[in-house]
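In this note's numbering, the protein residues as written are 169 to 286.
This is the structure:
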């Protein structure tokens, strides 16, 4: 499994921190300066393992590389919050699907291409 019992608890604390985080309210920052603290330091604060860090950065924050780890944490926190809010908005997925399946997407592109001569 990806996480053991204690790792799940630490990850939950991290997700609660992210969900409650507000740039304009210092009480929600728990000692994290969003413009100076790197994401690597935030992960250390919550004692998250490398597997969870990889999952969070690539599956939740949707980063392609690990470069984000050494940048200020505010962007990553906002990305994780956006993903979480998207997940809760329209059912069990953060992605929107057309009513009649994904085949409608290429059909729409083909129509636009035909209209604009592309």
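In this text, a Cβ means the ideal position worked out from N, Cα and C, and glycines have one as well. Please read all numbers here as calculations on a predicted model, not as lab measurements.
Check: Check whether the Cβ atoms of residue 241 and residue 202 lie closer than 8 Å to each other.; Outcome: yes
Check: Under 8 Å, do residue 198 and residue 185 count as touching if we go by C-beta distance?; Outcome: yes
Check: Exposed or buried, residue 229, counting other C-beta atoms within 10 Å across all chains shown (16 or more means buried)?; Outcome: buried
Check: Residues in the same chain with beta-carbon distance under 8 Å from residue 251, minus the five sequence neighbours each way, listed in chain order, please.; Outcome: 228, 229, 230 and 262
Check: Just verifying my parser: in three-state terms, what is the DSSP assignment at residue 206?; Outcome: strand
Check: So is residue 216 buried or exposed if we call it buried at 16+ other beta carbons inside 10 Å?; Outcome: buried
Check: If you follow the alpha helix (DSSP H) that residue 274 is in, where does it begin and where does it stop?; Outcome: 272-284
Check: What residue does the alpha helix (DSSP H) around residue 287 start on, and which one ends it?; Outcome: Here the chain has residues from 169 to 286 only, and residue 287 is not among them.
Check: Could you tell me whether the Cβ atoms of residue 207 and residue 237 are closer together than 8 Å?; Outcome: yes
Check: Which term fits residue 283, buried or exposed, when burial requires 16 or more other beta carbons within 10 angstroms of its beta carbon?; Outcome: exposed
Check: Should residue 179 be labelled buried (16 or more other beta-carbon atoms within 10 Å of its own) or exposed?; Outcome: buried
Check: For residue 225, count neighbouring Cβ atoms within 10 angstroms of its own Cβ and tell me buried if that reaches 16, exposed if not.; Outcome: buried
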